[in-house]
Every structure is written in C-alpha cells, then in structure tokens.
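A quick write-up on the structure given underneath.
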Amino acid sequence: MTAETKRDYYEVLGIGRDASMGDIKAAYRRMAVKHHPDKNPGDSTAEAYFKEASEAYAVLSDAEKRSRYDRFGHQGLGGEGFTGFDPGAFGDFADILGDLFGFGDLFGTRRRSTGQGMRRGHDLQYTLKLSLEEAATGVERSIRIPRLETCKACSGSGSKPGTSPETCSTCRGSGQVAFRRGFLSVAQTCPSCGGAGQMNRNPCEDCGGKGRSERQTTLMVTVPAGVDTGMRLRLAGEGEDGALGGPAGDLFVVMKVEAHDLFERDGRDLHLELPISVFQAMLGANVPVTTILGEDRVVEVAAGAQPGEVIRLHGAGMPHVDGRRRGDLFVHFRVVVPRKISGEQRRLIEEVASLGGGLEPESEQGFFERLKRAFSGGE
Ligand SMILES: [Zn+2]
Ligand SMILES: [Zn+2]
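So the sequence shown is numbered by the numbering used here: it starts at 3 and just counts up by one.
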C-alpha cells in the first residue's frame, strides 16, 4: 500500500479523532476479533482488513506516532508505520489479544512454510529482573540474548553463495539406504548425508554449513508500569530463527520484581512501616513520606496514635498494568521510644507523669485485673 491509497487510520478503526487510548484499544480488539484470518480462513479481504486495523492500531496507540500522523498524515510516518513491525508494539499486541490467535505469521516476521527440512525456531525465555521502582514507573531496558540467527552470508541455505547442495549420491536423495542382512533388507539412515538427502559440497564458511549461527542480540524491551513477578511479555518472532527458512520462534520476557527494603507489595497495594517518635504519637504530627513513584505525601498522625495503627493513602500504591486505578499505600506506625534521654528530659517527663492520667487507662486496668484472676485460679 502506498501512502496515497491508504485509508485514514481513524476511519479504519471507526473512531473519532479525539478517541481515547481505551477507545482505540476497544475498537482494535473488535476489528481484530471480527476479521482475524483464523476465523475467516482463505478470506483475503478479511486478512486485508485485519492488517489494516493492526497497522492503524500500531500507529494510533503510540502517542508519538499518533501526533505525527495527526499533523502530517501517512506521509508523516515516513513509511515506518508498519515496516517489519517493532517488537515493542508486538508485546502490546500479544497483550491485547492474548494467545487467542496464532499471531506472528500475519506480519511477515515468520514465513508460512511447509517445505522440506524447514523447522520453526525455538521459543526463548528471558528473565528480566526489575526493582520495585522500575516496576512502578515502567522502564525501557536493553537485553542481550544469545540466539540462533539465520546466517547472513548464505541466507540460511548453508551453502556458499552461488552454489547449492547436491542430491546425495549414496541415497539418491531419500536419506535412507537399504542394507542386506542375510535375507532381510534393513533401512538405515544414510551415513553419507546423515538423512538430509543432500550433500553440501561447498559449505558456507560463516556458519559451517548449518545455515544458522549463534549471535548475541541486543533488544529493547518496553516494560509497562505496574508489572508483577511472573508476568510475561511476548515478542513474536524474536526467538530463534527457524532452520532452512522455517518461521522464527517467539521470545518471552518474564518479569521478576525484586523485594524492596521499605515497601512491601500486595498486588496493587503497598505497605510501609513508618517510625514515629513516642512524642509524635502522643502529640500528633504531620510526617512526610515519599511514594514508590517519588511523590511527596503527608501522613497525618493523630494525637494518641497507637503502635501498629494503619493509615491508608488512597491512590499512592502501585500503578495498574492496564492503566486502571492505582493501588493504595498502607502506612503502619512503629512507635519508637528513645533509648536515652537527658537528665532535663527525665525530670520533665517525671513531672508530666506525676500529673497522672493516661498511664493506666481504664481498659488496661481491666487487663491487669483479668491477668491477676487468671493466675489465682480463675473466675
Ligand atoms: Zn552461512
Ligand atoms: Zn544420503
């Protein structure tokens, strides 16, 4: 499709130009489910609609690309709108549609193939360790993975450029040879070609004739805010390249969020132990705290606060990975009693204590009474 004949992306998804991110996702999901080629086998019109919608989504779901498209139209994207598909967007697609559909082979990152010897590349898994802060803000990380990639020198054929494998003369291409054992004829894997049926007389020097070689690849992974341990991002087609032109496998990036030394996570909510002095607990205080996203909040400690008392700061917890409401921050008071006080402090506190009240509140007198009764043999 050239820029001139392309339909307007908003028209493709049937939404207005002021559509929210949620509208865009919902519209794309609708279109994708309706036109997905797996539901319309052999229907090239449906497949075209599906690709068109996917392309529109890839652009409109990316704030930067969307604003360029809004200003300059298709030309503004300079052809990058959909060439090859970027893996970051793919993770997002897999996220939206889940594993409902066999996704990758629609976009040319995998070749559909039934050819002899073609094998799909293996899926790969990468565990990405994140701090709780990174999980809260979302992060772009480059990861290095070793993977088998199609040899560039021979384009995966395994033969020197300009040559091609010859049919094995021992087995005449069948990959098997028959041996005679007495009256029996036994088929065995051809010892000359190892069962491939072909002899590679001019193996590619770069890959030693294998067609693939192991390479360290650096990929950028966009981790959305709010991820938790065990969540996976799927980067379709970023696994191992297939053998002899087979489709590539997928790369699964599995999140591992490390424990934080102050915040304890419970799904979307966070818990924080806040030390307050015994004086702050008695008199009340406004104590500043910093959220996991670095925002300043104030905890209002009421006069007479007790150890273990909990204050809930709404919306100060972890962001939700779907962009829904943030979790809460539960602040647990730990009342700290000073281990050392000055002589002057001691004198004043003794004076305060002598005024009475509060040292043995009624309920606690009840407690001591009950305890005495328990030791003296019960009620
Ligand atoms: Zn090669
Ligand atoms: Zn052979």
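Each residue gets a CB set at the ideal place from its N, CA and C atoms; glycine is no exception.
Quantities reported herein were computed from a predicted structural model and do not represent experimental measurements.
Residue i classed as buried or exposed, judged by whether at least 16 other C-beta atoms fall within 10 angstroms
i                 : result
glutamine 190     : exposed
lysine 27         : buried
methionine 222    : exposed
threonine 111     : Caution applies to threonine 111, whose pLDDT of 35 falls short of 50 and renders its modelled position unreliable; the model cannot decide the point.
glutamine 2       : The requested residue 2 is not part of the displayed model; the chain covers only 3 to 381.
threonine 47      : exposed
methionine 201    : buried
glutamate 13      : exposed
isoleucine 351    : exposed
serine 161        : buried
valine 300        : exposed
glycine 93        : For glycine 93, the predicted structure reports a pLDDT of 40, less than 50, and the residue's modelled location is therefore unreliable. A value from the coordinates is still provided. Buried is the call here.
serine 56         : buried
isoleucine 278    : buried
arginine 348      : exposed
leucine 357       : exposed
glycine 117       : Bear in mind that the predicted position of glycine 117 carries a pLDDT of just 42, short of 50, making it too unreliable to give a figure here.
alanine 250       : buried
valine 229        : buried
alanine 180       : exposed
methionine 320    : buried
leucine 373       : exposed
glutamine 178     : exposed
arginine 328      : buried
alanine 318       : buried
methionine 33     : buried
alanine 376       : exposed
alanine 91        : Note on alanine 91: pLDDT 38, under 50, position unreliable in the model; no value is reported.
glycine 104       : The pLDDT assigned to glycine 104 is 35, lower than 50, so where the model puts this residue is not dependable; a value taken from the coordinates is nonetheless given after this. Exposed: under 16 other Cβ atoms inside 10 Å.
leucine 186       : exposed
alanine 29        : buried
arginine 113      : Bear in mind that a pLDDT of 35 at arginine 113, under 50, signals an unreliable position, so the number given afterwards is only what the model happens to contain. Classification of arginine 113: exposed, given that the 10 Å Cβ count is below 16.
phenylalanine 369 : exposed
Minimum C-alpha distance to residue i - residue among the options
i                 : options                        : result
phenylalanine 265 : Leu295, Met257, Arg236         : Leu295
glycine 211       : Ser159, Leu285, Arg174         : Ser159
asparagine 204    : Gly239, Glu240, Pro163, Val188 : Pro163
alanine 238       : Asp252, Ala227, Gly244, Gly228 : Asp252
alanine 58        : Val225, Ser171, Asp10, Thr139  : Asp10
glycine 247       : Ser171, Arg121, Gly306, Ala198 : Arg121
glycine 123       : Asp243, Gln178, Asp230         : Asp243
glutamine 308     : Val338, Met320, His322         : Val338
arginine 174      : Val225, Cys156, Cys195         : Cys195
cysteine 156      : Thr220, Ala245, Lys342, Met233 : Ala245
aspartate 324     : Tyr128, Ala138, Arg32          : Ala138
serine 144        : Thr220, Ala60, Asp230          : Thr220
alanine 21        : Ala318, Ala283, Lys8, Ala65    : Ala65
arginine 19       : Arg73, Leu186, Ile343, Pro321  : Arg73
glycine 241       : Leu126, Gly329, Lys8           : Leu126
serine 176        : Lys374, Pro193, Phe377, Leu272 : Pro193
leucine 274       : Ser344, Arg183, Met233, Thr293 : Thr293
arginine 326      : Gly16, Leu15, Gly24, Lys8      : Gly24
valine 61         : Arg32, Asp208, Leu15           : Leu15
glycine 232       : Tyr128, Leu186, Lys342, Cys206 : Tyr128
alanine 283       : Arg182, Tyr30, Pro340, Glu142  : Pro340
aspartate 330     : Val291, Ser378, Leu272, Ala355 : Leu272
lysine 8          : Gly44, Ser63, Gly75, Lys41     : Gly75
alanine 227       : Asp263, Glu142, Asp208, Ile147 : Glu142
For residue j and residue i, believed in contact at Cβ under 8 Å, the rounded distance
i                 : j             : result
valine 303        : valine 289    : 6 Å
phenylalanine 254 : arginine 267  : Rounded, the Cβ-Cβ distance is 23 Å, inconsistent with contact.
alanine 305       : leucine 285   : 6 Å
arginine 270      : histidine 322 : 6 Å
valine 225        : glycine 345   : Not a contact, Cβ separation roughly 56 Å.
leucine 79        : arginine 68   : With 8 Å as the limit, leucine 79 and arginine 68 do not qualify as a contact, their Cβ atoms being about 10 Å apart.
Residue i: CB within 7 Å of a non-hydrogen atom of ligand 3
i            : result
tyrosine 128 : This structure lacks ligand 3; the ligands present are ligand 1 and ligand 2.
Counting Cβ pairs closer than 8 Å, one from the region 21-40 and one from the region 50-69, do we hit at least three? yes
Cβ contact check for the region 118-138 and the region 243-258: 3 or more pairs under 8 Å: yes
Can at least three beta-carbon pairs, one atom from the region 214-232 and one from the region 139-158, be found at a separation below 8 Å? yes
Chain-ordered list of residues that sit, by beta carbon, closer than 5 Å to a heavy atom of ligand 1: Cys153, Ala155, Cys156, Cys206, Asp208, Cys209
Are at least three pairs of beta-carbons, each pair with one atom in the region 299-316 and one in the region 330-343, less than 8 Å apart? yes
Residues proximal to ligand 2 by C-beta, any heavy atom closer than 5 Å: Cys170, Thr172, Cys173, Cys192, Ser194, Cys195
Evaluate contact between the region 192-199 and the region 166-178, counting only Cβ atoms and requiring at least three cross-stretch pairs below 8 Å. yes
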